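Protein chains in written order, with this note's numbering: chain A, 1018 to 1144; chain B, 2 to 135.
Cβ coordinates follow ideal geometry from the N, Cα and C atoms, glycine included.
These numbers come from a predicted model, not from an experiment.
What follows is a single structure, written as structure tokens, with notes after it.
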Amino acid sequence: MADKRLATSKVAGTWAWFFQRLSAVLLIVLLGVHIWITHFADIDPEVHITVAGVETRLDQLLYIAVDYALLAVVLFHGLNGARTVMLDFDMFAKRHRAVDAALFIVGVVSLIWGIIVLFPFIGVNGG
Amino acid sequence: MKVSSFKWLFGRNSEFWPTNMNTGMWAWVGHRLTGILLVVYLFLHLSFLSQASLNHDSFDQLMETMAQPLFVLLDFLLVCAVIFHAMNGLRVVLFDMGIGIRKQKLVFWIMMAISAVLVLVGFWLISVLIFGGA
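Structure (structure tokens):
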């Protein structure tokens, strides 16, 4: 475990702490909606997920918004959480700037990739 | 990691040895382990969706495989991890707002009771996919 107590500045750390809590509460709502719509609402639960099913769901603007919001919030929460865990270890705490940079890049690339990945499904049925 | 430092971290006298851990420590360890698991799942989830984006036919095949009872059971374990992480996380948020700290053990067990109910509801919803429809 790390001996260096403050790996980042106090101000940055407080914002990270605050947004981790805010995203946590948002995630409970967004993830609940996501799981409900994907697996239970309007579809026979015994029918597995199909491309056609995803296309139908993504005809609704609200669901596109939920999915993209979930993507952004979950990436922040997950990677910021991973950062917290990593900085508890000396080997990462010593290189906290590199850890921050690496996780930031992973987050941005995943966000862009996640946004692009849904494009082929959106508006297929002309909705 | 050297053997001595491993012993210091996880040995009989360490704070992570099961009989040395109190309620809050179990919650902390559980939160970290489920957190790491969920981050791994997040990227797995993204890569599976990428498969759908790149090749529709193979995605439908992939999802057909994932609908088999064994994988649905893994889904259920995932749901358990999410519920624990969410309920324990709410407990952390409550404490950060200054609510319930004096009764922290009670709050932990209340959250775990809510988790247990949610897990049972989840199992009831998912069981159709594991055992087949009635």
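Contact belief for residue i with residue j at Cβ below 8 Å, rounded distance in angstroms
i, j, result
"B/H86", "B/L47", "With 8 Å as the limit, B/H86 and B/L47 do not qualify as a contact, their Cβ atoms being about 19 Å apart."
"A/F1071", "B/A53", "Note on identity: in this sequence residue 1071 of chain A is Val, with Phe being the wrong assignment. With a Cβ gap of about 7 Å, A/V1071 and B/A53 count as contacting."
"A/L1135", "A/L1075", "7 Å"
"B/L79", "B/Y42", "6 Å"
"A/H1065", "B/E65", "6 Å"
"B/M60", "A/V1068", "First, the residue type needs correcting, since residue 60 of chain B is Phe and not Met in the sequence shown. The pair is a contact, with the Cβ atoms about 6 Å apart (cut-off 8 Å)."
Environment of residue i [buried if 16+ CB atoms lie within 10 Å]
i, result
"B/N56", "exposed"
"A/D1084", "buried"
"B/N89", "buried"
"B/M26", "exposed"
"A/T1031", "exposed"
"A/F1057", "exposed"
Proximal residues to residue i (C-beta, below 6 Å), its chain only, five neighbours per side dropped
i, result
"B/T24", "K106, F109"
"A/L1088", "G1131"
"B/L119", "I84"
Neighbourhood of residue i by C-beta distance below 7 Å, restricted to the same chain and skipping five residues each side
i, result
"B/P70", "I131"
"A/V1050", "V1083"
"A/A1033", "N1097"
Chain B within 7 Å of residue i, Cβ atoms only
i, result
"A/V1050", "no"
"A/T1041", "Rather than Thr, the amino acid found at residue 1041 of chain A in this sequence is Ala. Answer yes: the Cβ-Cβ gap between A/A1041 and chain B drops below 7 Å somewhere."
"A/T1067", "yes"
"A/V1125", "no"
"A/V1046", "no"
"A/V1134", "yes"
C-beta neighbour in chain A for residue i, strict 7 Å
i, result
"B/E65", "yes"
"B/A68", "yes"
"B/L121", "no"
"B/A87", "yes"
"B/V4", "no"
"B/L79", "no"
"B/D76", "no"
Own chain, CB closer than 8 Å to residue i, minus 5 neighbours either side, in chain order
i, result
"A/A1041", "H1094"
"B/W18", "F11, G12"
"A/N1142", "E1072, T1073, D1076"
"A/G1124", "L1092, F1093, L1096"
Residues in the stretch 1071–1099 of chain A with C-beta within 8 Å of chain B's C-beta atoms, listed in sequence order?
-> V1071, V1091, L1092, G1095, L1096, G1098, A1099
Using a Cβ cut-off of 8 Å, which residues of the stretch 32–57 of chain B contact any Cβ in chain A, in chain order?
-> R33, G36, I37, L39, V40, L43, F44, L47, L50, S51, A53, S54, H57
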